[in-house]
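Chemist: Encoded as structure tokens, here's the structure I'll be asking about.
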Amino acid sequence: LMAVGLQARDHVMSGFDRADLVISVGYDLVEYGPSRWNPTGDKRIVHIDTQPAEVDVDYQPSVELVGDIDGSLRRLLEKVQPRGVGGRTATERHVARETLVHQDLRTALLADLGAFEHDEGWPIKPQKALVDLRRALAPEDIVVSDVGAHKVWVARLYQAYEPNTVIISNGFASMGISVPGAIAAKLVHPDRRVVALCGDGGFLMNSQELETARRIGANVTVVVWRDDGYGLIDWKQQTEFGRPFGVEFGNPDFVAYAQSFGLAAFRPASSEDLYPTLMRALDHDGPSLVEVPIDYRENLRLTERLGALEPGA
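The sequence shown begins at 67 in the working numbering and counts up by one.
Okay, here's the thing in structure tokens:
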């Protein structure tokens, strides 16, 4: 069901509404408070982590598996017995029904993404930008997301096919992680393609690291979603107060800026041109940058659409 945290109503929250058991793996309360997904405190919780649970009024695990997470999960899988889809007992039939319900929720979520696969709008919609990025990268390639409105879209719609291939600054998240984070990921995994996905605000906080990437030969691709403002703050202000304030700023020409550091830099001419532009940047023998004009009008459209969802729907 992808990530939770956008707002009170989303397809993934419908899954929590229906759940009577939640298995948390490496979960930290700061990421998404338990009062939001267990407000009545009636869900049974299995806590799997390297540390004992931080007990909260809404987070009181029935069972804790404390230790190496990988080892705990492997030992747990050894104890799990496969069951028939239909199930023989009432409990087994209930689990089978809920599995199908959750699959329907995932289908509905992915339909949001698929609907924009051939979108021709300009500026480019976030959904379209993620469809093309996912298409351009192999399952083992790595995306390091900065903090901003794009992070919400990445967490909600970008599909991870292998562990540790989508790295997102979460909790008390700070802006500016994507470029240095991508450089570090490339040093650890030189055989994989690595993308730093950032907004223009987060990029400008650490854009000097383009020089580092060029100097040490870290062949990362920086994808900058440009909206000339702090998109996430704008989104929150409009949702809570009906208007934005103090969130707009001017930008340099990011293509010329990156070229001044010695990087190859690109800008798509249309929505249809985004995928081939990404491929040119990824195939370049050296660090590269792609500036993507982004249509953040989709932010409020998403808020309005999800706000109409009924609890548990």
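Built from N, CA and C at the ideal position, the CB exists for glycine as well.
Looking at the structure shown, is V209 part of a helix, part of a strand, or coil, going by DSSP?
Modeler: As a working note, residue 209 is residue 143 in the sequence shown. DSSP places V209 in strand when its eight states are reduced to three.
Chemist: Where in the region 293-360 do unbroken runs of the alpha helix (DSSP H), each at least 4 residues long, occur, reported from the N-terminal end onward?
Modeler: 297-307, 320-326, 340-349
Chemist: Report buried or exposed for I282, applying the criterion of at least 16 other Cβ atoms within 10 angstroms of its Cβ.
Modeler: Residue mapping note: residue 282 aligns to position 216 of the sequence shown, counting from 1. By the neighbour-count rule (16 or more Cβ atoms within 10 Å), I282 is not buried but exposed.
Chemist: Suppose you measure from the CA of F382 to the CA of Q274; what does that come to, to the nearest Å?
Modeler: Since the first residue shown for the chain is 67 and the last is 379, residue 382 is missing from the structure and cannot be characterised.
Chemist: Does DSSP put H216 in a helix, a strand or coil?
Modeler: The residue labelled residue 216 in the question sits at position 150 within the sequence shown. In the structure shown, H216 sits in a helix (DSSP, three-state: H, G or I).
Chemist: With which residues is D291 paired in a DSSP beta bridge?
Modeler: Indexing the sequence shown from 1 puts residue 291 at position 225. Rather than Asp, the amino acid found at residue 291 in this sequence is Trp. Its beta-bridge partners are G265, V358.
Chemist: Could you tell me the alpha carbon to alpha carbon distance between V232 and P256, rounded to whole angstroms?
Modeler: Along the sequence shown, one-based indexing puts residue 232 at 166. Along the sequence shown, one-based indexing puts residue 256 at 190. The alpha-carbon atoms of V232 and P256 are separated by roughly 16 Å.
Chemist: Please state if the CB of S138 and the CB of D124 are separated by a distance shorter than 8 Å.
Modeler: For the purposes of this step, residue 124 is taken as the residue at position 58 of the sequence shown. For the purposes of this step, residue 138 is taken as the residue at position 72 of the sequence shown. No, the Cβ-Cβ distance between D124 and S138 is not below 8 Å.
Chemist: Distance check for F238 and V96, CA to CA, integer angstroms please.
Modeler: Counting from 1 along the sequence shown, the entry for residue 96 is found at position 30. Counting from 1 along the sequence shown, the entry for residue 238 is found at position 172. Those two C-alpha atoms are separated by around 7 Å.
Chemist: Mind reading off the beta-carbon distance from I190 to L340? Whole number of angstroms is fine, and I expect it under 8 Å.
Modeler: Sequence index remark: in the sequence shown, residue 190 carries index 124 (1-based). Sequence index remark: in the sequence shown, residue 340 carries index 274 (1-based). With a contact defined as Cβ atoms closer than 8 Å, I190 and L340 qualify at about 6 Å.
Chemist: Does DSSP classify A85 as helix, strand or coil?
Modeler: Here residue 85 refers to the residue found at position 19 when the sequence shown is read from its first residue. It is coil, neither helix nor strand.
Chemist: Taking DSSP as the reference, what is the three-state secondary structure of L203?
Modeler: As a first step, residue 203 must be located in the sequence shown, where it is residue number 137. If DSSP states are grouped into helix, strand and coil, L203 belongs with coil.
Chemist: Grab me the residues of D259's own chain with a C-beta within less than 8 Å of its C-beta, minus the 5 sequence neighbours each way, in chain order.
Modeler: Position 193 of the sequence shown, counted from the start, is the residue given in the question as residue 259. The amino acid occupying residue 259 in the given sequence is Arg; Asp does not appear at that position. Once the five neighbours on either side are set aside, the close Cβ partners of R259 are L203, A204, D207, I208, T287, L348.
Chemist: What is the DSSP secondary structure of V197, counted as helix, strand or coil?
Modeler: Numbered from 1 along the sequence shown, position 131 holds the residue referred to as residue 197. Three-state DSSP puts V197 in a helix.
Chemist: Need the endpoints of the beta strand (DSSP E) that I234 sits in, please.
Modeler: As a working mapping, residue 234 is identified with position 168 in the sequence shown. Where I234 is concerned, the enclosing beta strand (DSSP E) stretches over 232-234.
Chemist: Given a threshold of 16 other Cβ atoms within 10 Å of its Cβ, counted over all protein chains shown, does E376 qualify as buried or as exposed?
Modeler: If you number the sequence shown from 1, residue 376 lands on position 310. For E376, the pLDDT reaches just 49, beneath the cut-off of 50, and the residue's location in the model is therefore unreliable, leaving the point undetermined.
Chemist: In this structure, does DSSP put D383 in helix, strand or coil?
Modeler: The question about residue 383 has no answer here: the residues shown for the chain are numbered 67 through 379.
Chemist: Verify whether the separation of the beta carbon atoms of R115 and G92 is less than 8 Å.
Modeler: Translated into positions along the sequence shown, residue 115 becomes position 49. Translated into positions along the sequence shown, residue 92 becomes position 26. Looking at the sequence shown, residue 115 is not Arg but Asp. Closer than 8 Å, so yes.
Chemist: Would I234 pass as a contact of T278 if the rule is Cβ separation under 8 Å?
Modeler: Along the sequence shown, read from residue 1 onward, the residue named residue 234 stands at position 168. Along the sequence shown, read from residue 1 onward, the residue named residue 278 stands at position 212. No, the pair does not count as a contact, with Cβ atoms beyond the cut-off.
Chemist: Can you give me the Cβ contacts of V112 inside the same chain, cut-off strictly under 6 Å, excluding the 5 residues immediately before and after it?
Modeler: To locate residue 112, count along the sequence shown from 1; it is residue 46. Cβ neighbours of V112 beyond the five flanking positions: I89, V129.
Chemist: Does the Cβ of V78 have 16 or more other Cβ atoms within 10 Å, making it buried, or fewer, making it exposed?
Modeler: Position 12 of the sequence shown, counted from the first residue, corresponds to residue 78. Buried, by the Cβ-count rule.
Chemist: On a CA-only basis, which of G81, K194, R141, A324 is nearest Q169? Give me that one, please.
Modeler: For the purposes of this step, residue 169 is taken as the residue at position 103 of the sequence shown. Ranking G81, K194, R141, A324 by CA distance to the CA of Q169 puts G81 first.
Chemist: Sort out for me which residues DSSP pairs V91 with in a bridge.
Modeler: The sequence position of residue 91 within the sequence shown is 25, counting from 1. DSSP, once it has assigned bridges, lists I114 as partnering V91.
Chemist: To the nearest angstrom, report how far apart G312 and L131 are at their CA atoms.
Modeler: Here residue 312 is taken as the residue at index 246 of the sequence shown, counted from 1. Here residue 131 is taken as the residue at index 65 of the sequence shown, counted from 1. Approximately 46 Å between the Cα atoms of the pair.
Chemist: So the candidates are S336, H216, H184, R292; which of them puts its Cα closest to the Cα of E357?
Modeler: The residue given as residue 357 occupies position 291 in the sequence shown. Of the candidates S336, H216, H184, R292, the one whose C-alpha sits nearest the C-alpha of E357 is R292.
Chemist: With H, G and I counted as helix, E and B as strand and the rest as coil, what does DSSP make of I243?
Modeler: Position 177 of the sequence shown, counted from the start, is the residue given in the question as residue 243. In this structure, I243 counts as coil in the three-state DSSP scheme.
Chemist: How should D86 be labelled, buried or exposed, when 16 other C-beta atoms within 10 angstroms of its C-beta is the threshold for buried?
Modeler: For the purposes of this step, residue 86 is identified with residue 20 of the sequence shown, where counting begins at 1. It is exposed - the Cβ of D86 has fewer than 16 other Cβ atoms within 10 Å.
Chemist: Identify whether E130 lies in helix, strand or coil by the three-state DSSP scheme.
Modeler: Start at 1 with the first residue of the sequence shown, and residue 130 comes out as number 64. Here E130 sits in strand by DSSP.
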